[in-house]
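These notes are about the structure you will find just below.
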Amino acid sequence: MAGTRTRAQVERDTEVSASFVVVANRLPVDRVVTDDGSVAWRTSPGGLVTALEPVMKKNEGAWVGWHGAPDETLDPFEDGGITIVPVPLSTNEVAEYYEGFSNATLWPLYHDVVAPPAFHREWWDAYVRVNRRFAERAAQVSDTGATVWVQDYQLQLVPQMLRELRPDLRIGFFLHIPFPPVELFQQLPWRRQISEGLLGADLIGFQLPGAAQNFLRLVRQRLSVQVRRDRVTLPDGHVARAKAYPISIDSRGFHDLARTPEVTARSHEIRRDLGSPKVMFLGVDRLDYTKGIKQRLRAFGELVAEGRLDPDEVVFVQVATPSRERVEEYRHLRDEIDMLVGRINGEAGRIGRSPLVYLHASFPREEMAAMYSAADVMVVTPLRDGMNLVAKEFVACRDGDNGALVLSEFAGAAYELKQAYKINPYDINDIKSTLELAANDSEANKARRMRTLRKQVFDNDISHWADSFLSDLDAEVSPE
Ligand code: GDG
């Protein structure tokens, strides 16, 4: 499959030559139309961009990714000191490589098959084709000996394809979602190609040690490679290491944003508009079936129906950001949640007051920070999640040691945020009693937990994550 072209056949781009290259499905910029009708690019406010900005600027960095519009080819351009290298995708490739193989095959398979994965050979063909295009583009824009950091499940074949094209590069890969146990991964008809694709990297990063162990166990069992501790040696002598690097957020940035006078005022206004409840619960997620939104709303609805929470005193705000709306499973989920919200408010609401405020929309960062500051109890209940940044953002936005975080054991974040109020999202009674406890616990207990959480989130921010990964990638691998 990979590597039918040699390095000499891949013509180097004479205009772009970067010593640090990020390869991700999406570019870090969004196209916006300004007031005068002209088109401009705005940096998307993601943590990854913030973390990599200093490295990018210091090393004449380039970012290779899709710009978001199908059937359009764009030339590279500069944006804020970064060279942006757009990769084109056709409408059909968006359907087969992105919505299909990435989001309807790999996404459910890697999240413990909480929805059934669909296996289609033409989706796989598109995945291979698009991965090769990304690898070739990265090969063209990388300087001799450059460091290339490939991101996430959409591009798992890129490390091997790139190494075959450009053996001089140092290649890192980071998986943002879980890596499943062998017993689930082996359902994938293309399991060998994916494992070999990843092994093309010098360093493969996972969110948790358990994910790295799943991967190491898989390659030990199924490939003819030598595995010793975190090192995999391939028959050609190439060594790939697999380790955990739990991702984080720009903690200081979120904290400072939440402290600005505008955001503070907005946070007070939100509570007033909600009728100044005694307890405000908050959920913030992409509308995704892995996030356990139904489970948490059902738990809240039952608590209100049973009189264990008073709808005159509490309110639950659930933000569900529209996501992957063309994938069948997501449309279905949206309908189910609409129905559940209607039922809960229909039963427990009265004129002028609904216990559940459901917002199917996306908001600016300032509004998110205001909501995190306004809330008393943050409710994060995924059935499976690589990390979950929302949990960390809530902690970073706290003013002082108040507030409570209810967190699923199945979120990667639970590995570090040990002082959260933990729940099993499959156990509705457990969610119910924990929501009650988090709402009614003593201030002293909440403060004790929150102090530890804050320390964790501030000591381990996104720069710490990027620095640890990149310094390990840079380190020479000593012979065994
Ligand atoms: C994947 C993995 C892993 C959400 N709504 C709005 C908005 N958001 C922001 C949140 C947060 C981000 O989106 C969501 O990040 P999560 O980590 O919670 O979840 P995924 O999108 O599934 O991310 C996950 C992550 O990658 C990183 O490795 O943690 O496990 O699944 O930052 O704040 N931001 C704005 N408006 C919204 O309406 N501005």
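For reference, each letter of the sequence shown is one residue, going 104 to 583 in our numbering.
We treat Cβ as the ideally placed atom computed from N, Cα and C, and that holds for glycine.
Keep in mind it's a predicted model, so treat the numbers as computed, not measured.
Query, Result
"Per the DSSP calculation, Y461 is bridged to which residue(s)?", "Q421"
"Looking at C-alpha atoms only, which residue of I185, A198, A314, F222 is the closest neighbour of F513?", "A314"
"Rounded to whole angstroms, how far is the Cβ of V217 from the Cβ of R487, which I believe are closer than 8 Å?", "6 Å"
"Note down the Cα distance separating D178 from G248, rounded to an integer number of angstroms.", "24 Å"
"Pull up the CB-CB distance for A121 and D246, whole angstroms please, since I reckon it's below 8 Å.", "6 Å"
"Based on the DSSP output, what are the partners of D133 in its beta bridges?", "R145"
"Under the three-state reduction of DSSP, which class applies to Y348: helix, strand or coil?", "coil"
"Verify the contact flag: P467, CB atom, against every heavy atom of the ligand GDG, threshold strictly below 7 Å.", "yes"
"A82 and V382: beta carbons closer than 8 Å?", "This structure leaves residue 82 out entirely; the chain is present only between 104 and 583."
"Skipping 5 residues on each side, what residues in its chain have a beta carbon closer than 6 Å to that of H435?", "none"
"Taking buried to mean at least 16 other C-beta atoms within 10 Å of its own C-beta, is T107 buried or exposed?", "Residue confidence for T107 is low, a pLDDT of 42 falling below 50, so the modelled location carries little weight; the figure read from the coordinates is stated next. With fewer than 16 other Cβ atoms within 10 Å, it is exposed."
"Mind reading off the beta-carbon distance from F572 to G308? Whole number of angstroms is fine, and I expect it under 8 Å.", "5 Å"
"Hey, is L492 close to the ligand GDG, as in C-beta under 7 Å from one of its heavy atoms?", "yes"
"What do you get for P414, buried or exposed, if any count of 16 or more other CB atoms within 10 angstroms of its CB means buried?", "buried"
"Quick check: the Cα distance between R551 and F277, rounded to an integer number of angstroms?", "34 Å"
"Could you work out which residue in V417, S476, R429 is closest to R456 when comparing CA atoms only?", "V417"
"Assign S147 to buried or exposed, taking buried as 16 or more other Cβ atoms, counted over all protein chains shown, within 10 Å of its Cβ.", "exposed"
"Go ahead and pull the three-state DSSP assignment for W293.", "coil"
"Please classify V420 as buried or exposed, where buried requires at least 16 neighbouring CB atoms within 10 angstroms.", "buried"
"Looking only at DSSP bridge pairs, what is I185 linked to?", "D182"
"Would you give the residue range spanned by the beta strand (DSSP E) that K525 belongs to?", "524-526"
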